[in-house]
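Residue numbers for the sequence shown, in my numbering: 575 to 677. This report refers to the structure that appears directly beneath it.
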Amino acid sequence: MRKSGIGRRPDRLAVLKALAHPVRVQLVELLSRGERCVCELHEAAGGDFSTVSKHLSQMRQAGLLEMEKRGLKVFYRLRNRCALRLLACADEAARTAAKEVRR
């Protein structure tokens with residue numbers, strides 16, 4: 575059996591893994607409304623500061639986020655809208671699956 579292309583694309587897997595956690599999805603949705611300070615993201619997501627920072631770092635390493643330091647504050651923003659398109663695709667797939675289950 576031949577390996578699929580996704581198995582040979584670790585960068586692609588990193589992006590998918592970066593969106594595979596409820597807190598990271600919540601952070602992307604918050605950032606879809608514009609740039610936010612880490613302090614705002616931490617407050618909105620809850621949990622401890624180091625955990626939220628780790629989630630942000632993972633998404634940044636996957637190429638989903640950009641970070642900018644301004645004085646003592648750190649700001650994050652979406653690098654592009656592709657993460658939102660991936661989430662919209664996941665929503666559509668979930669709705670389709672739910673319809674199939676109801677049949």
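We put the CB at the ideal spot given by N, CA and C, even for glycine. Bear in mind that the values here come from a model prediction, so they are computed numbers and not experimental data.
Note down, in chain order, each residue of its chain lying with its Cβ closer than 8 angstroms to the Cβ of residue i, except the 5 sequence neighbours on either side.
i: Leu-652; result: Val-602, Leu-605, Ser-606, Leu-638, Leu-639, Glu-640, Leu-658
i: His-595; result: His-629
So, at 6 angstroms on beta carbons, what are the nonlocal neighbours of residue i in its own chain, with the 5 sequence-adjacent residues on each side left out?
i: Ala-618; result: Leu-604
i: Ala-588; result: Ala-636
From the options, pick the residue whose C-alpha is nearest to that of residue i; which is it?
i: Val-599; options: Ser-624, Leu-660, Asp-622; result: Leu-660
i: Leu-590; options: Ala-671, Glu-642, Arg-634, Arg-644; result: Arg-634
i: Gly-608; options: Pro-596, Ala-668, Arg-655, Cys-663; result: Arg-655
i: Leu-630; options: Ala-668, Thr-670, Leu-593, Leu-587; result: Leu-593
i: Gly-621; options: Glu-642, Ala-662, Val-597, Lys-673; result: Val-597
Examine chain D for any beta-carbon lying closer than 8 angstroms to the beta-carbon of residue i, and answer yes or no.
i: Leu-615; result: Checking the listed chains, one finds no chain D in this structure; it contains a single protein chain.
Contact between the stretch 612-631 and the stretch 640-649 is defined here as three or more beta-carbon pairs at a separation below 8 angstroms; is this criterion met?
In this structure the stretch 612-631 touches the stretch 640-649; the number of beta carbon pairs closer than 8 angstroms is three or more.
Starting from the N-terminal side, write out each stretch of the alpha helix (DSSP H) that is 4 residues or longer and does not extend beyond the stretch 593-665.
Here the runs fully enclosed are 596-605, 612-619, 623-635.
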